[in-house]
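Numbering (the numbering used here), first residue to last: 884 to 1154.
Glycine included, every Cβ here is placed at the ideal spot set by N, Cα and C.
What follows is the structure, given as structure tokens:
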């Protein structure tokens, strides 16, 4: 088995008064946020709320209109080489073989490391295939390998599994969780799938109209399964916050029910 050498820990992030405007429209409004090294954070919210914009700021693809971003206490721009981003589209070059897509932009003797990351994502035997021969899930595995070869300390994920079928999506969630636990990088995942967020993240942030509407720790051990009794309660709490913003009393009721250790339907338990 080839050796894959990655970082020992992730980046810590601090956002202070971060705002982003496009013309007259303010997309993000004075965000203040701290993320610990190695934390797995999921960002949810309605379409257009600013989730992907926040991710692009962290990736250095956009600049802030106001405020500051720092990583391990230094400006985030100093750590951009340690940040990688994945999208819903794997963005593989069709005229390059799988291994060459993984090593895109690298120089020197990079092929042994490329083979190692392909083995880590379960595709070492497809190294010399063309992207057209791969399934959607396999293409996303290649995209993940392409990110890992750069030894990221921060991995940004913009709906990377959104176009996959349910079984492949579950397999990719499990793969990502395993690699995150093994190598300790920080993960920030933007997703519309609340179940996915609760299943694999440590913490869920809800963005509402450019502001943080909820900051929820996920108090579940690992490994997690879809049959865990508190999973549905956490999903209900997050979904209710998305669908009925501002009804804090109802959100607190779900929190009280969840921490009581009861099982069943939180709505019926609250009546």
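Just the Cα atoms here: how many angstroms apart are residue i and residue j?
i, j, result
"residue 1026", "residue 936", "21 angstroms"
"residue 922", "residue 1069", "5 angstroms"
"residue 910", "residue 917", "19 angstroms"
"residue 1008", "residue 982", "10 angstroms"
"residue 906", "residue 1090", "20 angstroms"
"residue 1094", "residue 997", "40 angstroms"
"residue 1144", "residue 1086", "Annotation note: pLDDT 44 at residue 1144 (below 50); position unreliable, no value reported."
"residue 1045", "residue 1101", "22 angstroms"
"residue 1073", "residue 929", "11 angstroms"
"residue 1092", "residue 932", "5 angstroms"
"residue 1082", "residue 1110", "10 angstroms"
"residue 920", "residue 984", "29 angstroms"
"residue 1053", "residue 991", "36 angstroms"
"residue 1011", "residue 1000", "14 angstroms"
Would you call the CB atoms of residue i and residue j closer than 7 angstroms?
i, j, result
"residue 1114", "residue 1098", "no"
"residue 1118", "residue 1077", "yes"
"residue 1020", "residue 1051", "yes"
"residue 954", "residue 914", "no"
"residue 904", "residue 948", "yes"
"residue 978", "residue 986", "no"
"residue 1014", "residue 975", "yes"
Could you tell me the boundaries of the alpha helix (DSSP H) in which residue i lies?
i, result
"residue 1125", "1114-1126"
"residue 935", "934-942"
For residue i, count neighbouring C-beta atoms within 10 Å of its own C-beta (all shown protein chains included) and say buried if the count is 16 or more, exposed if not.
i, result
"residue 934", "buried"
"residue 1040", "buried"
"residue 1104", "exposed"
"residue 896", "buried"
"residue 1029", "buried"
"residue 1064", "exposed"
"residue 1096", "buried"
"residue 1116", "buried"
"residue 1023", "buried"
"residue 1049", "exposed"
"residue 1106", "exposed"
Taking the beta strand (DSSP E) that residue i belongs to, which residues open and close that run?
i, result
"residue 1061", "Segment 1049-1066 is the alpha helix (DSSP H) holding residue 1061; no beta strand (DSSP E) there."
"residue 967", "966-969"
"residue 902", "896-905"
"residue 1096", "1094-1100"
"residue 880", "An answer regarding residue 880 cannot be provided, because it is not within the stretch 884 to 1154 covered by the chain."
"residue 1084", "That residue, residue 1084, is in no beta strand (DSSP E); it is neither H nor E in DSSP."
"residue 908", "908-918"
"residue 924", "923-927"
Residue i: beta carbon under 6 angstroms from a heavy atom of the ligand GTP?
i, result
"residue 994", "Ligands in the displayed structure: none, and consequently the ligand GTP is not present."
Give the list of continuous alpha helix (DSSP H) stretches no shorter than 4 residues that lie fully inside the segment 972-1014.
Segments of the alpha helix (DSSP H) lying fully in the segment 972-1014: 981-985, 994-1003.
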